[in-house]
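What follows is a single structure, written as structure tokens, with notes after it.
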Amino acid sequence: MASSLLRRQLGLSVQRNLRLSIPGCRYVSKAAPRAQQEFEYDGPCMKTQVPGPRSQELTKQLGDIQNVGAINFFCNYEDSRGNYLVDVDGNRMLDIYTQISSIPIGYNHPALLKVMTDPSNLSTFVNRPALGILPPENFPDKLNETLLSVAPSGMSRVQTMACGSCSNENAYKAIFIWYRNKERGNSPASEEELTSCMVNQAPGCPDLSILSFMGAFHGRTLGCLATTHSKVIHKLDVPSFDWPIAPFPRLQYPLEEFTRENAQEEARCLEEVEDLIVKWRQKGMPVAGIVIEPIQAEGGDNHASADFFKQLRNISRKHGCAFHVDEVQTGGGTTGKFWAHQHWGMDDPADIVSFSKKLLTGGYYHKLELQADKAYRIFNTWMGDPSKNLFLAEVLNVIRRESLMEEVNRSGKALLNGLYDLQTRYPGILSRARGQGTFCAIDICDDDTRNSILTKARDKGALLGGCGDRSIRFRPALVFKEYHVHILLNIFNDVLAMHK
Ligand code: PSZ
């Protein structure tokens, strides 16, 4: 762990060392001195193109069993460490994609390995309980120690689930149940409701809706998919609900130069939200909830201002809709605050907040009134996995012990400043550098160039991901330090120079 003195030194030295070289020469972004971290490597080390021969062979083998179209390469998880992912051909890459943004503190973190080797944890790994009916003795303690210790403002209840989609799916159900109970004045359901629900008819299966935003991603299960609008490939051929879809603001960058235009754009979207809520009520499909990502991630890292979210929250209150903030990708510290919605500075930011990915377990926090009124209404076999809570406890300890939130803010600043610099050097290729913490992105002139940059960066040892039509997103783990930022920026610059 870096001492606070060392951390201060790191901060200072990086400011001194981050500079651009003379035009035409290699971009010189010098890393700050590396902190002591025995479990990590010095840098990327590439032996073959990616995927290498062993990866190709394994892809062929797996192709006889599954669709392998999405596979990038096969990994050696034993040898991967910290920010470095090692593949089966011995290539070691700086991982700025982290298993679709789901690795909180790097690969094989010693604190997590210790959880595995502690004999008192063994029964939690070996015996996976049906948590809804037979939880282990330490379950309330573990929830208090983990998820409730980082609960969003105003929320003292949490329901764990297996994955992000499963969390959102159940959060929507909780919203519908809450809404109908409110409409019924909390009296019991009628006989007609009880019989009609069994054959998928109203009034038992009511015509209610969830309002979502164009470009959103909330998962691929049937209910969630009706609120996902990022790519055709997710949606084609799957029946869906006729639910309202509002435009998400399309901000112009740099933000300081477009304050008026961006405020107008956000006002336009908010107006549309209210219009849709009214329209859908008139159609007989009232909006029971509004779901939104604090930063639209899969849809292209689309940001909106704190003021936009505050006003949207007010609209939800005014129309009696639950406000569901999907923090599956933004949660867990990557934006420089533990929850991205904390950037909005609100005491009452949401009625439901869903999470997964970096939290290791899925689930959602909710207000007391969104607690389903009866047992078995929100339920499934596992309802999460207590072994994930053991890891999460350690992740939270490491975040606190190693001041990782400070690190994220420091590396995030270095990353965004580096992207601004590169953007001025390559104006024909790069635009719209943006980010919060290390949750950054930049747009590339077109899709083909974007994909070529991603492949070439990977061949040079930097593993990045795309999002939206033509963005590159940066999704490092929380242990991504300033010296990692500089390794990345140098590779990124070399690759950009190849596309000039
Ligand atoms: O292609 C896919 O299925 C992908 S690529 C990235 C994701 C999914 N992200 C998952 C995600 C998310 O980013 C947000 C904001 N909400 C919900 C989900 C769904 O989580 P999972 O994938 O765990 O079901």
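Counting from 78, one number per residue, gives the positions in the sequence shown under our numbering.
We treat Cβ as the ideally placed atom computed from N, Cα and C, and that holds for glycine.
This structure is a prediction, so every number in the text was calculated from the model and none was measured.
Check whether residue i and residue j have beta carbons under 8 angstroms apart
| i | j | result |
| --- | --- | --- |
| S464 | T201 | yes |
| G377 | G514 | no |
| R552 | Y184 | no |
| L171 | N153 | no |
| G292 | Q373 | yes |
| G241 | G439 | yes |
| L409 | N486 | Per the sequence presented here, residue 409 reads as Gly, with Leu not at that position. Result no, Cβ atoms of G409 and N486 do not sit closer than 8 angstroms. |
| P363 | L285 | yes |
| V475 | L437 | no |
| S179 | K435 | yes |
| D536 | V127 | yes |
| L555 | E484 | yes |
| S382 | A248 | no |
| F456 | G209 | yes |
| R297 | H311 | yes |
| R390 | M423 | yes |
Host beta strand (DSSP E) of residue i (start-end)
| i | result |
| --- | --- |
| Y453 | Taken as a continuous stretch (DSSP letters only), Y453 belongs to no beta strand (DSSP E), as it is neither H nor E. |
| L507 | L507 to Q513 |
| M575 | From DSSP, M575 is part of no beta strand (DSSP E) but of the alpha helix (DSSP H) over E559 to M575. |
| G495 | Per DSSP, G495 belongs to no beta strand (DSSP E); it is in the alpha helix (DSSP H), L481 to R502. |
| M170 | R169 to D172 |
| R234 | R234 to M238 |
| Y161 | Y161 to V163 |
| D520 | F516 to I521 |
| D403 | A399 to D403 |
8 angstroms Cβ shell around residue i - same chain, five flanking residues per side excluded
| i | result |
| --- | --- |
| S267 | P280 |
| P283 | F253 and R257 |
| C102 | Reliability fails at C102, whose pLDDT of 43 lies under 50, so the model's placement of it is uncertain and the value that follows must be treated cautiously. Contacts found: none. |
| V315 | L299 and L302 |
| R158 | F116, E117, Y118, G183, Y184 and N185 |
| L139 | V145 and I148 |
| F385 | P326, E343, C346 and L347 |
Among the options, nearest to residue i - alpha-carbon criterion
| i | options | result |
| --- | --- | --- |
| P265 | F318, N379 and D450 | D450 |
| E155 | S382, V165, A381 and S307 | V165 |
| V145 | G361, T136 and M575 | T136 |
| S289 | A399, E222 and R169 | A399 |
| C122 | H576, L540, R550 and A554 | L540 |
| Q329 | E375, F415 and A340 | A340 |
| K360 | F335, D319, R390 and R345 | D319 |
| R358 | C243, I287 and S233 | I287 |
| L189 | L469, I530 and R502 | L469 |
| M193 | N466, R478, H380 and I210 | N466 |
| G543 | A381, I177 and R297 | I177 |
| S393 | F415, I429, L499 and C274 | I429 |
| S480 | N204, T304, N528 and F415 | F415 |
| S508 | L332, G538 and Y560 | L332 |
| K259 | M275, Y497 and L447 | L447 |
| M460 | C243, S132 and A427 | C243 |
Cutoff 6 angstroms; reference residue i; Cβ partners in own chain excluding five residues on either side
| i | result |
| --- | --- |
| D524 | R547 |
| G512 | L493 |
| G231 | D425 |
| H396 | I354 |
| C24 | Outside the displayed range of the chain (78 to 577) lies residue 24, so it cannot be described from this structure. |
| F569 | none |
Residue i: first and last residue of the uninterrupted alpha helix (DSSP H) it sits in
| i | result |
| --- | --- |
| G300 | L299 to L302 |
| I271 | Note that residue 271 is Leu in the sequence shown here, rather than Ile. Unbroken alpha helix (DSSP H) run through L271: E268 to C274. |
| G542 | G542 -> not in any alpha helix (DSSP H); beta strand (DSSP E) instead, spanning G542 to C544. |
| T532 | D524 to D536 |
| V430 | Where V430 is concerned, there is no enclosing alpha helix (DSSP H), although the beta strand (DSSP E) it sits in stretches over I429 to F432. |
| F468 | P463 to R478 |
| V192 | P187 to T194 |
| G140 | P130 to G140 |
| V350 | T336 to Q359 |
| Y256 | G241 to E260 |
| A383 | A383 to K395 |
| H380 | Premise fails: H380 is in no alpha helix (DSSP H) and is neither H nor E. |
| F216 | F216 to E222 |
Own chain partners of residue i with C-beta closer than 7 angstroms, once the 5 adjacent residues on each side are dropped
| i | result |
| --- | --- |
| V580 | Only positions 78 to 577 of the chain appear in the structure, and residue 580 is not among them; the question remains open. |
| I506 | I521, C522, T526, L573 and H576 |
| G167 | K124 |
Exercise. Any chance the stretch 409-421 sits against the stretch 441-449, with 3 or more Cβ pairs inside 8 angstroms?
Worked result: no
For this session: Specify whether the stretch 399-410 and the stretch 344-359 touch according to this definition: at least 3 beta carbon pairs, one from each stretch, less than 8 angstroms apart.
Result: no
For this session: Take every Cβ of the stretch 563-572, pair it with every Cβ of the stretch 194-210, and state whether three or more of those distances are shorter than 8 angstroms.
Result: no
For this session: Could you tell me whether the stretch 315-327 touches the stretch 209-223, where touching means 3 or more Cβ pairs closer than 8 angstroms?
Result: no
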